[in-house]
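Undergrad: Pasting in a structure now, in structure tokens, and then I'll have a few things to ask.
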Amino acid sequence: MFSASKRRQFPPRGSIAEREFTRVRRPILVSESDRLTSSRRAALTLLAQTLLAQTGLLLAAPAWPQEAAGPAPPPDAEARLLTNLLTRIGVEVDLNGRKALFVIDTGAERSAVSDRLAQALDLSSGPPVLVHGITAAQMTPTVRLPHLAFSGRRFADLVLPVFPSGLLGADGLLGLDVLSRFRLTLDLRRRRVMLAASGADVVRRGLSFGGRASRVGQDITDVRSGRFSQLILTQVAADGVPSVAFIDSGAQYSIGNRALMRALDSRLGRVERPLLRVYGVIGQSLLVRSGEVADLRLARRDLGPTPLLFGDLHAFRILNLIERPALLLGADILTRFSQVTLDYGRGAVTLGGLVRRPAAVPGLRSP
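Position 274 of the sequence shown, counting from 1, maps to 965 under the numbering used here, and the rest follow consecutively.
Now the structure itself:
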């Protein structure tokens, strides 16, 4: 991750390592008025104001579709969701000579493309595929993409699900079908993304989950692979409740399953958690509970008070995590680290140093 020196270090100019670095695009900020003129549901998975106040930086919504809208939450709760701003970790990709902005999404089992870009490139249709969503699986149309390149890597003959451009909020998503072959480094401090061959020994400092320790000072904890190559952290605790977790870089919030919520209530007593509605990339929605844990522990890192949403996502079910306490780690937690590395080949997750949390935004309060 980081060397012992605080001085910024970059690969030699012109080297392969240098070409593997891709600078992250500047944050995309989306205001309430911008979103509502396109579609109310294009809010994606907007998080409660409490998460915005805690993190100061939120990422794009997950690529998974969600179930149809259920009973409406209180109007004030939904309005709070729509007032937040979004930012994404996006990288510039090359599609047969055309540049496009794709969002890094380690929670999506497949990469995807917007309908607008697919039409502009005149991509041929592919077979419908089953996409596993946050609350359900859904058959989705696809297109065939001959070539895609980014961060010095080239991919050919991709079959990509197509989602509405206004709801996707980007030209496309890079999912695990592409990312899981490599070591992915999200340098959140420098706003860079690096995709490199899996297994190379580049970790110098930080917490490493899984794999073998090759440097002094690393802390190792068990990691196992999920159904779609997700790296599942097994040394996690929320207010003392042993849990497991997987990283979804495309989710702007972190969310626990109901098994975790029940375990917390059993240990600490039941608390009132407001209902909130979150939205997916195809406009479907899900009601979740909003709450907080006094301390979230990842390996030996105590993150302190951490806002969480609670709901039984389809993701937990397909990863066989529905019956035990589990967490999806979204951007609100990822951005508390200077760097996050997911080495899918070695089965390792490495977290850089904790960054100072921004002060709460005046006028914002927990729902």
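Glycine included, C-beta positions come from ideal geometry on N, C-alpha and C.
Do Asn787 and His823 count as a contact pair if the criterion is CB distance below 7 Å?
TA: In this structure, Asn787 does not lie closer than 7 Å to His823 by Cβ.
Undergrad: Tell me which residue opens and which closes the alpha helix (DSSP H) that Tyr810 is part of.
TA: Note that residue 810 is Gln in the sequence shown, not Tyr. From DSSP, the alpha helix (DSSP H) with Gln810 extends over Asp806 to Ala811.
Undergrad: Tell me, please, which residues DSSP counts as bridged to Thr997.
TA: Bridge partners of Thr997: Val984.
Undergrad: Which two residues bound the contiguous alpha helix (DSSP H) that contains Asp1023?
TA: Per DSSP, Asp1023 belongs to the alpha helix (DSSP H) from Ala1022 to Leu1025.
Undergrad: Measuring only the C-alpha atoms, how far is Phe1028 from Phe873?
TA: One C-alpha to the other measures close to 21 Å.
Undergrad: Report yes if the CB atom of Ser981 is closer than 7 Å to the CB atom of Leu955, and no otherwise.
TA: No; because the gap between Cβ atoms is not below 7 Å, this pair is not in contact.
Undergrad: Does the beta-carbon distance from Gln1030 to Ala990 come in below 7 Å?
TA: Against a cut-off of 7 Å, the Cβ pair of Ala990 and Gln1030 comes out as no contact.
Undergrad: Could you give the residue range of the beta strand (DSSP E) that holds Asp878?
TA: Looking at the DSSP string, the run of the beta strand (DSSP E) that includes Asp878 is Phe873 to Asp878.
Undergrad: Span of the alpha helix (DSSP H) holding Ser957?
TA: Start and end: Arg949 to Leu959.
Undergrad: Beta-carbon separation of Pro852 and Thr876 under 7 Å?
TA: Going by C-beta atoms, Pro852 is not nearer than 7 Å to Thr876.
Undergrad: State the start and end residues of the unbroken alpha helix (DSSP H) segment that holds Leu864.
TA: Careful: Leu864 lies outside any alpha helix (DSSP H), inside the beta strand (DSSP E) at Gly863 to Leu865.
Undergrad: When the Cα of Thr1060 is compared with those of Val850, Asn1011, Asp939 and Ala809, which residue comes out closest?
TA: Because the chain spans 692 through 1058 in this model, residue 1060 falls outside it and cannot be assessed.
Undergrad: Provide the residue span of the alpha helix (DSSP H) that contains Leu859, from first to last.
TA: Looking at the DSSP string, the run of the alpha helix (DSSP H) that includes Leu859 is Ser856 to Leu859.
Undergrad: For the stretch 783-847, which segments carrying the alpha helix (DSSP H) assignment without a break, of at least 4 residues, lie completely within its bounds, in sequence order?
TA: Here the runs fully enclosed are 806-811.
Undergrad: Does Ala847 pass the burial test, meaning 16 or more other C-beta atoms within 10 Å, or should it be called exposed?
TA: Result: exposed.
Undergrad: Distance, Cα to Cα, Ala950 vs Val935?
TA: In a straight line, the C-alpha of Ala950 is about 11 Å away from that of Val935.
Undergrad: As a quick exercise: from Val850, Gln921, Leu870 and Gly781, pick the residue whose alpha carbon is nearest that of Lys790.
TA: Considering only alpha carbons, the answer is Gly781.
Undergrad: At what residues does the beta strand (DSSP E) containing Ala1039 begin and finish?
TA: Where Ala1039 is concerned, the enclosing beta strand (DSSP E) stretches over Ala1039 to Leu1042.
Undergrad: Quick check: the Cα distance between Arg883 and Gly960, rounded to an integer number of angstroms?
TA: About 42 Å.
Undergrad: In whole angstroms, give me the CA-to-CA distance for Val962 and Arg835.
TA: Using only the alpha carbons, I get a separation of about 49 Å.
Undergrad: Looking at Ala985: is its Cβ nearer than 7 Å to the Cβ of Pro998?
TA: Their beta carbons are not under 7 Å apart, which means Ala985 does not touch Pro998 by this criterion.
Undergrad: List the DSSP bridge partners of Phe1028.
TA: Per DSSP, Leu1045.
Undergrad: DSSP has Gly781 in a bridge; who is on the other side?
TA: For Gly781, which the question treats as bridged, DSSP gives the partners Val794.
Undergrad: Taking contact to mean at least 3 C-beta pairs separated by less than 8 Å, is the stretch 849-863 in contact with the stretch 999-1018?
TA: No: the two stretches stay apart, fewer than three of their Cβ pairs being nearer than 8 Å.
Undergrad: Taking the beta strand (DSSP E) that Arg883 falls in, what are its first and last residues?
TA: Looking at the DSSP string, the run of the beta strand (DSSP E) that includes Arg883 is Arg883 to Ala888.
Undergrad: Going straight from the alpha carbon of Leu879 to that of Ser856, what length do you get?
TA: Distance between the alpha carbons of Leu879 and Ser856: 26 Å.
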